[in-house]
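Working notes for the structure below.
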């Protein structure tokens, strides 16, 4: 098979980054985890807004406790108690202390808290048996964030920690980018829907289901467009409809020469379509097509079931996350270092991605390659991730550290 | 503060595993990713059901191609073409070959495929210019899975690869365990809902929002029960209601002695409640309560915002996944090895978990500890994961390999 526009992986990523992220809307932070901020957010005020105790004890002026010891305590006058959730009605003068609980607001004049364990109170006098440094056992006003400070940049992934920060500021609605809609088309005269019992010579559609579920994991909204027989006109009509209803269309399935020709022709006929690549210097997954029509993308994925899902993770998922506004490392699968469990040869001039199982060992995680044909879906069910061998490398030795991208 | 039933982390995990997983129901595989199989699944048939070509070319009897060379080709008679999706109407006799495309069904008698690149066809005769080994360029019947073979054990996480396998067998509905319902209660007189502007001395509720979103990430169904003031009776009533409507209840928020006492008392009063632990040998997060009432669990989480979320990831999330039927490593956050970026002291006798940022380096991922108070939510927004220092270790040296649990 000839590929007329073979690109390297890095070149394809550059093209992916040229698509414009989708539009933004505002949603509740309760629903926003896994989405990406559409705007920079600044701190509207100090967090916390006032100094708070982090221990139960006595609010004091730290300097007055210097030199305090078990046998020579410093004695302070207890002028009041700070009630939870209330601003103290008094300020702390010289020689004074106030009872305070964890989370309580420090009175004016106080700058530290002595833990209750190191005190003894009698008749409104408290013995302080250990010194505290200024700011000890206190969270200062603005210690989490100062008013006006940049909280998060646009593109930041919203995690439970980020949601917590936003709640702390009362920001319960956040601007996020839309989830991409993904149309999924299967092709091939030999493919039947999973619900059917395949006649001899036919097999069930696997790609539609693995791609649909993988798109959901990537915070996208997939839709199945069924199985198209090997007829260029039918494929074109389905493709045009899917493209009008989605941001990204994935064509997969049939892997015969005929199907591949039809796919390329149908994609090329789309109004304004530009073939970005036909063939990628990667194994497996070489026969991948990427085209753009306006700001929409069409992938012609390899027919082999393991290759199709691998290319989804390597290229389609980064595009879906880019369209949602993700940036940097968030576009890619989480990467770990592991040791190759055996020697692995590789052909320079292309990137190799081997499906691997990860096993713990004393020398670190061991990556065991799964040497199965890329037409076998069992290899993807078994894999924990992909071991990457860069294009300028002739292979790796057993024990060598390698990069492994973990499946989500 | 005194804890009357301090346990080690490992002991708490043992208790967590004693809860019974929730009931099962059957759902579409399109919705099942991230859920856990409720039953073992076996292969109902061979996958693929017949031998398929993995290349375009000619189906042959491999033995007849032995010795074939560019200059001394083996000549075979082309007896037909295999159409995609159809069973060949003929079988292959001695001296015969048949045209076949990738994915085509091998005719009886054939055991290999010669790539079209190494052939030349003229007048129904094909020259074979390279030998092929038996099974070369063929996926055998049952090469993915053999009929009756165990596909996946109960508890297996459903990934896109697993969904693909199930589609291949026509298993479009799968038995999965229910998502746990999680009730979330905040306590403390100083806490107001995020929508409100806090009066002096009060702060907004952070824990409800970080825990709600973290529970969603753990495939659970959270529900907020609002903020309860520091009154034992009110807390008990809210707790009882939340427990009747959920599988797990999380109480968090107020961190003053009074609130902590009320929480312990209210949990103890629940009918049939057993306090599993009051205090855990872990830092941060020591003041954690875990109780069970029947097969339901109540956590009293630390009030400090970073500690509450950390204990969620270390203990609550494993319980939520266990209730969904997950097993083994799937209960825990993904673990990587990283090098400590600096010396880190630790106190033996408890496990330490430090919030860390991960940075790539030539010597592997570097874990930079975030030394911030556990009352600061910014530390959780910044963290990539938790560095674990086991209880019998006095600290780690800069450059030493350490375990880091990655935040999802």
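Residue numbers (the numbering used here), protein chains in the order written: chain A, 776 to 1183; chain B, 776 to 1183. Quick reminder that beta carbons are idealized off the backbone N, C-alpha and C, glycines included.
Under a criterion of Cβ atoms nearer than 7 Å, the residues of chain A adjacent to residue 1153 of chain B are, in order, 919, 920, 940.
Taking the C-beta atoms as reference points, residue 1072 of chain A is found no nearer than 7 Å to residue 1045 of chain A. Between residue 1047 of chain B and residue 805 of chain A, the alpha-carbon positions lie close to 33 Å from each other. Taken in chain order, the unbroken stretches of alpha helix (DSSP H) that lie wholly in the stretch 780 to 820 of chain B and span 4 residues or more are 784 to 792.
With respect to residue 889 of chain A, residue 875 of chain A sits apart: the two C-beta atoms are not nearer than 7 Å. Between residue 879 of chain A and residue 914 of chain A a beta carbon distance of about 11 Å is seen, past the 8 Å cut, so the two are scored as non-contacting.
Under the 7 Å criterion on CB atoms, residue 837 of chain B is classed as non-interfacial with respect to chain A. The alpha-carbon of residue 947 of chain A is positioned some 9 Å away from that of residue 984 of chain B.
A check of alpha carbon separations from residue 1096 of chain B across B/901, B/931, B/825 identifies B/931 as the nearest.
Between residue 968 of chain B and residue 1002 of chain B a beta carbon distance of about 6 Å is seen, short of the 8 Å cut, so the two are scored as contacting. DSSP assignment within the stretch 1042 to 1067 of chain B yields the following whole beta strand (DSSP E) runs of 3 residues or more, N-terminal first: 1048 to 1053.
Per the C-alpha coordinates, the member of B/926, B/825, B/1010 positioned closest to residue 941 of chain B is B/926.
In the three-state scheme derived from DSSP, where H, G and I count as helix and E and B as strand, residue 982 of chain B is classed as helix. Taking a Cβ-Cβ cut-off of 9 Å, residue 894 of chain B has no neighbours in chain A, whose nearest Cβ is about 14 Å from it. In terms of beta-carbon proximity, residue 796 of chain A stays away from the interface with chain B, with every pair separated by 7 Å or more. Under the Cβ criterion of 7 Å, residue 1148 of chain A is counted among the residues facing chain B. The beta carbons of residue 1013 of chain A and residue 1000 of chain A sit closer together than 7 Å.
For the 7 Å CB-CB criterion, residue 1163 of chain A and residue 1145 of chain A do not form a contact.
Nearest to residue 1157 of chain A by alpha-carbon distance, out of B/790, B/840, B/919, is B/919. Secondary structure of residue 825 of chain B (DSSP, three-state): coil. Look at residue 1160 of chain A: its C-beta is not under 7 Å from any C-beta on chain B.
Under the Cβ criterion (8 Å, minimum of three pairs), the stretch 1165 to 1181 of chain A does not count as touching the stretch 839 to 849 of chain B. Bounds of the beta strand (DSSP E) holding residue 958 of chain A are 956 to 962. Between residue 1126 of chain B and residue 1056 of chain B the beta-carbon gap is near 7 Å, inside 8 Å, which marks them as a contact.
For residue 1132 of chain B, the uninterrupted beta strand (DSSP E) segment begins and ends at 1126 to 1134. Neighbours of residue 808 of chain B in chain A, taken as residues whose beta carbon is under 7 Å from its own, are 988, 991, 992 in chain order.
For residue 1067 of chain A, the closest C-alpha among the options A/1076, A/974, A/1052, A/1077 is that of A/1052.
Taking 7 Å as the threshold, the shortest C-beta distance from residue 859 of chain B to chain A falls below it. Considered as a whole, the stretch 1005 to 1039 of chain B harbours 1007 to 1020 as its complete alpha helix (DSSP H) runs of no fewer than 4 residues, in chain order. Residue-level contact by beta carbon holds for residue 976 of chain A and chain B, with a gap shorter than 7 Å.
For chain B, the residues of the stretch 1102 to 1127 of chain A that bring a beta carbon within less than 7 Å of one of its beta carbons are 1109, 1111, 1112, in chain order. For residue 895 of chain B, DSSP records a beta bridge to B/902.
Around the beta carbon of residue 870 of chain B, fewer than 16 other beta carbons sit within 10 angstroms, so the residue counts as exposed.
For residue 830 of chain A, no beta strand (DSSP E) encloses it, and the DSSP letter there is neither H nor E.
Residue ranges of uninterrupted beta strand (DSSP E) with 3 or more members, entirely inside the stretch 1067 to 1093 of chain B and ordered along the chain, are 1071 to 1075. Neighbours of residue 973 of chain B across chain A, judged by C-beta separation under 8 Å: 824.
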